[in-house]
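Enquirer: Okay, handing you the structure first.
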Amino acid sequence: MVDRRGPSKVKVVNKLHRPGGCGNPLWNRSSSVGSGAIQGRVVAPDRRGAVFARQVGSNWWTNSDTVPTSAGEVVDLEENKGVLRMFNSIIDRVVRSSWIVLVISICGCTPGSNELVSVQAPDPGGIFRIPLMTSPPDLDPILVSDTTSDGVSSKIFNTLLDYDPDLKLEPCLALSMPTISSDGIRYDFTLREGVRFSNGRAVTAADFKYSLQRLASVRSKRSNLVEPIVGATEAIESARKDSSIGSPEISGIEVMGDRQLRITLKQAHSPFIYNLAMVNTAVVPREVVEQYGDGFSRQPVGTGPFILKKWKEGTSLSLEANADYFEGAPKLAGIHYRVIPEPLAQLEEYKAGNFDVLAVTQGIYPEWIQSKRADEVKSWPSLAVQYYGFNLKKEGSPYAGNSDSARKLREAVNLSVDRKFLGDVLLEGRFYPANGILPPGILGHDANRPAYAHNPERAGVLLAEAGYPGGEGLPQVELWFNSQGDNSKIAQAVQQDLKNVGIPIHLKMLDWGAFIDATDSGEPPFFRLGWVADYPDPENFLTFLFHSKNQGPNGNVSFYEDELVDALLDQSNLMTDMDQRIRVLQQAEKKILADTPWLVLLFGRETILLKPYVKNFNPTGMCDDVQGNHVRWHLVEIDTVGVQ
Amino acid sequence: MLSYTIRRLLEAIPVILLVTLIVFLLNAAIPGDPGRIRMGQRADAAEVYAYNETRGYNDSLPVQYGRYLWRLFYDFDLGVSDVKSGLSVNEILGESFLVTLRLALLSITVALVVGIGAGILSAVKSRTIIDYVSMLFAIIGVSMPVFWLGILMIIYVAEPLGLPRTGFDDSSFLTMLRSLAMPAAALGMLSSATIARLSRSAMLDVLTQDYIRTARSKGLSEKIVILKHALKNAAIPIVTVVGNSFGYLLVGAVLTETVFALPGLGREVVEAIKQRDRELVTGGILLMSFVFIGVNLLVDLSYAWFDPRVRDDRS
């Protein structure tokens, strides 16, 4: 349980300290006893170019006669001086031995404090070094479904379209934006000239037909991306009957010439165009895919700025520059990924100058932003929303259904939670209260709508109106969440907020596999989830998560159902006028929010540390994290001139 | 001796079969659909079903189990990973086991040198400052969580000693030793603490025996008395603990592997469990069982080398 608002009961013992205390600010922060001031000086760079602050001081304790206990009390040491003398005698002996480094480490007192100042700049034009938590599972575009694989494969492959820094679609392998027929059904593309796969063969429209059809195969994880195309449903069905078909024929994808491609949809479907900027729809060479079969994922060949050079599963992955890249040879010689599951170990490697970029996780941000290297912190809005969903069809849950009482209860829950505390304190300012379903950066986001207020008094009134004054008689429901990241402490804080109003919830933590299985089947009455945009269109949020046709495993795990919302969402897909379409989708969002199927929680900012010598690393915000999935990688360079 | 070894190996077969059965049942009992995890949150129910169909996960458990056993004993094929597409379980486990084996060998070397050394020293210099300091370190070592020790070493030890903080590099023997130095020291420290405490008590026991007094009275040097007469007789309990420690190092170094980013067996299997990679979980646990059975067998066989009475009994 997190006691969030009570004053910190930390007793600072000024009279006694270990000089320097623990060097790592992370340990300092979590200490329950105040550490002494760091006595340090900055020494010259060592041979490898690393600069570290060194602190001076070898005494174990000062001459103080007090010592803090684990409870923070001050104890008179007068009667313990004999023990202390023996202790000091042992230390004196040990200090002279070769065990010194280990002993000091074990005891948490360091001769070398880690100030956040180390820089080990690589050579210009060198290798850009990125840490990964896990090895990417798949690099074959049709199998990519996680951000790690997306980040690596987007450097090896290209799609017809891509995003500019303002999240607007722009041509990539297409020569220009497609010509779309007035009924919104037919898309005509002309391909860029002179694009070659890294094996040297020129890319043709037939390669695109083959690559898009692969998405309908039984191996594909994203067959929904081609489903709006004429003939795709039949292709998907035929592939399910015969799993050996690698690229089932989709009649709506036509090769009109070497560089001309036509895609015909079953009916107008405005968001379809975004699918063509997702790495899943990237072009692949048929002969290489057929040569390697399932092994293509391990030996991918694409048109991107980098080529896979070496992949040591679970350890590292190296990309080298594709000198024949159609936008010009990359300025970097390559990219090197190393898999380090432990964030603290990643941080130490970054500090030592062994990585050029680092994902900011819990504990890093406040320390770094206040350090002299605050300029290394880069941040941009992430197209994601964090929420707790109510299962509206869960039998026995007082929050389910459309009754007046259930609506008021859900509204009361929304008013009980202090989102600002969650974002500012628990998540260290990297998240902030959400004001709706659509985050900033997504078309249709309403910046003028105020964020949900923290209003426990009003929540109490609604609770009483729902028939549960002060929470009396309100059954306890379970809040299910998965055991990753900060989920546990957010859940505890929410539980405390709700308890303060009189709403009892019980926390239930599961691992991701079990959790997603349970939410798919509608088991939890109240659950944590988030949604990260596949593309910056409101349809990607609203249709996936709220259309009644998607109830259950298809995305709508709140089992929300509303005829008006369904009609608005269906109508928006057919509309080609973007302004009108956005207005319709905003209307749908407004209706959904009024029905409160979610406890809407937080929007976030993607935050990374980036070495100052890295230039032109300009993320778009679209799935961009530490890997810069939509960064123009051929322009990124390492420029050490003038970097301190 | 040979018949004893063969008998022990034959006894291992039902154990292995039982392990495969238990892992299969557990895989089925654990909530979480491998198809859903493999296909991702965006996949619809039909896509998940189609994936499970191609992998045979929609079949009944006896059918799946029979198929697995057939493949295992006929081809020694542990299957294909659900998550790491294009990689066979044999390949993944082979590589990760080699990493863990090297780590375990180095760790146990550290543990033996430090642990037995400290134990002998403590016993010989019993109730002196050396004894107290050694045992103080043993207590600290036993109580130290390896992930914490690992992080401290990354922060404070790697830089002064010029060692890589994390990762595994087997491009040459030297780079491999360098990349395993800190994890082996961290793991070895923990085992050495236990070994030191046990060695001390075993040695103290032996050093009071009549035959040690006899050896000394014969005028043998203290070195020969300690290393030849005392240590060999104190070895059986030490070997038991070392054997067990080695077994655990081979299968349970997951925290060390995670902190130091080593692609070892423990980390691989834990990741596989999280991802519901059924074939990899089953294969990994099977391999761990083999390892444990093998290590225990070696420990039993080593008793005979240390103590001829055991050899006589078995023959």
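Read top to bottom, the protein sequences are chains G and C. Residue numbers for the first sequence follow the working numbering, so the first one is 38 and each next one is one higher. Residue numbers for the second sequence follow the working numbering, so the first one is 2 and each next one is one higher. Don't be surprised by glycine CBs; every beta carbon is placed ideally from N, CA and C.
(1) Just checking: is the beta-carbon of SER86(C) within a distance shorter than 8 Å of some beta-carbon in chain G?
(2) Starting from LEU354(G), follow the beta strand (DSSP E) in both directions and report where the run begins and ends.
(3) Taking only runs that begin and end inside the stretch 8-66 of chain C, name each unbroken beta strand (DSSP E) of 3 or more residues, in chain order.
(4) Could you tell me whether any Cβ in chain G is nearer than 8 Å to the Cβ of GLU280(C)?
(5) Compute the Euclidean distance between the alpha carbons of THR677(G) and PHE165(G), then round it to the nearest angstrom.
(6) Just to confirm before moving on: does the CB-CB distance between LEU191(C) and MET145(C) stay below 8 Å?
(7) Could you tell me which chain G residues have their CB closer than 9 Å to the CB of ARG37(C), listed as they occur along the chain?
(8) Alpha carbon to alpha carbon, what distance is there between VAL394(G) and VAL164(C)?
(9) Alpha carbon to alpha carbon, how far is VAL326(G) from PHE333(G)?
(10) With a threshold of 8 Å between beta carbons, is VAL24(C) in contact with chain G?
(11) Just how far apart, CA to CA, sit LEU198(G) and PHE309(G)?
(12) Look at the Cβ atom of LYS258(G), then the Cβ atom of TRP670(G), and state whether they are nearer than 8 Å.
(13) Assuming the contact rule is C-beta atoms closer than 8 Å, ALA253(G) and PRO285(G) should be a hit. Round their C-beta distance to whole Å, please.
(14) Taking the alpha-carbon of ALA186(C) as reference, which of THR110(C), PRO32(C), ASN297(C) has the nearest alpha-carbon?
(15) Nearest to GLY539(G) by alpha carbon, out of PRO337(G), VAL514(G), GLY221(G)?
(16) To be precise: take each residue of the stretch 169-189 of chain G, compare its Cβ to all Cβ atoms of chain C, and keep it if any distance is under 8 Å. Which residues remain?
(17) On the DSSP bridge list, what partners appear for SER89(C)?
(18) Going by beta carbon distance, what residues of the same chain come within less than 6 Å of ASN236(G), once the five residues before and after it are set aside?
(19) Under 8 Å, Cβ to Cβ, is there at least one residue of chain G near LYS317(C)?
(20) With 7 Å as the C-beta to C-beta threshold (strictly closer), list the residues of the stretch 169-180 of chain C near chain B in chain order.
(21) For ILE227(C), go through chain G and note every residue whose CB falls closer than 8 Å to its CB, in chain order.
(22) Whose Cβ in chain C lies nearer than 9 Å to the Cβ of ARG375(G)?
(23) ILE527(G) lies in the beta strand (DSSP E); which residues open and close that run?
(24) Check THR110(C) in the structure and name its three-state DSSP category.
(25) Counting pairs of Cβ atoms below 8 Å between the stretch 350-358 of chain G and the stretch 256-270 of chain C, do you hit three or more?
(26) Spell out whether any CB of chain C is found under 8 Å from the CB atom of ASP331(G).
(27) Quick one: residues in its chain with C-beta nearer than 7 Å to the C-beta of VAL282(C), no 5 flanking neighbours on either side, listed in chain order?
(28) Who are the near neighbours of ALA74(G) in its chain, counting only those whose CB is closer than 6 Å to its CB and skipping five residues on each side?
(29) Whose C-alpha, out of PHE226(G), GLU230(G), PHE245(G), is nearest the C-alpha of PHE194(G)?
(30) Would you please state the rounded distance, in angstroms, between the beta carbons of LYS545(G) and ALA503(G)? I believe it to be under 8 Å.
(31) Between the C-alpha atoms of GLY665(G) and SER186(G), what's the straight-line distance to the nearest angstrom?
(32) Out of LYS346(G), ALA319(G), ALA443(G), state which residue places its alpha-carbon closest to the alpha-carbon of VAL240(G).
(33) Given this structure, state the Cα-to-Cα distance separating VAL20(C) from GLY220(C), to the nearest angstrom.
(34) With DSSP as the reference, please indicate the residues paired to LYS652(G) in a beta bridge.
(35) LEU175(C): which of ARG103(C), GLY248(C), VAL292(C), LEU18(C) sits nearest, CA to CA?
(36) Which residue from THR657(G), GLU643(G), PHE596(G), GLN623(G) puts its Cα closest to that of TRP635(G)?
Expert: Taking the definition as stated:
(1) yes
(2) 353-358
(3) none
(4) No, GLU280(C) lies away from the interface with chain G (no Cβ there is under 8 Å from its Cβ).
(5) 13 Å
(6) yes
(7) GLY550, ILE553, ASP554, ASP557, PRO590
(8) Note that residue 164(C) corresponds to Leu in the displayed sequence, not to Val. Going from the Cα of LEU164(C) to the Cα of VAL394(G) covers about 21 Å.
(9) 6 Å
(10) Interface criterion not met: the Cβ of VAL24(C) is under 8 Å from no Cβ in chain G.
(11) 12 Å
(12) no
(13) 5 Å
(14) THR110(C)
(15) Per the Cα distances, VAL514(G).
(16) THR171, SER172, PRO174, ASP175, ASP177, LEU180, SER182, ASP183
(17) Here SER89(C) is bridged, per DSSP, to VAL81(C).
(18) VAL338
(19) Nothing can be reported for residue 317(C): it is not among the residues displayed for chain C, which extend from 2 to 316.
(20) Absent from the structure: chain B. Protein chains present are G and C.
(21) Chain G residues near ILE227(C): none, gap ~22 Å exceeds 8 Å.
(22) THR167, GLY168, ALA262
(23) Where ILE527(G) is concerned, there is no enclosing beta strand (DSSP E), although the alpha helix (DSSP H) it sits in stretches over 524-538.
(24) helix
(25) yes
(26) By the rule that beta-carbons nearer than 8 Å mark a contact, ASP331(G) touches chain C.
(27) Here VAL282(C) has VAL24, ASN28, VAL270, ALA273, ILE274 as same chain residues with Cβ atoms under 7 Å from its own Cβ, once five neighbours each way along the sequence are excluded.
(28) With a pLDDT of 30 at ALA74(G), under the threshold of 50, the modelled position of this residue cannot be trusted; read the value that follows with caution. So the list is empty, once near-sequence residues are dropped.
(29) PHE245(G)
(30) At roughly 24 Å, the Cβ-Cβ gap does not stay under 8 Å, so LYS545(G) and ALA503(G) are not in contact.
(31) Straight-line Cα distance between these residues: approximately 12 Å.
(32) The closest CA to that of VAL240(G), considering only LYS346(G), ALA319(G), ALA443(G), is found on ALA319(G).
(33) 55 Å
(34) GLU674(G)
(35) ARG103(C)
(36) PHE596(G)
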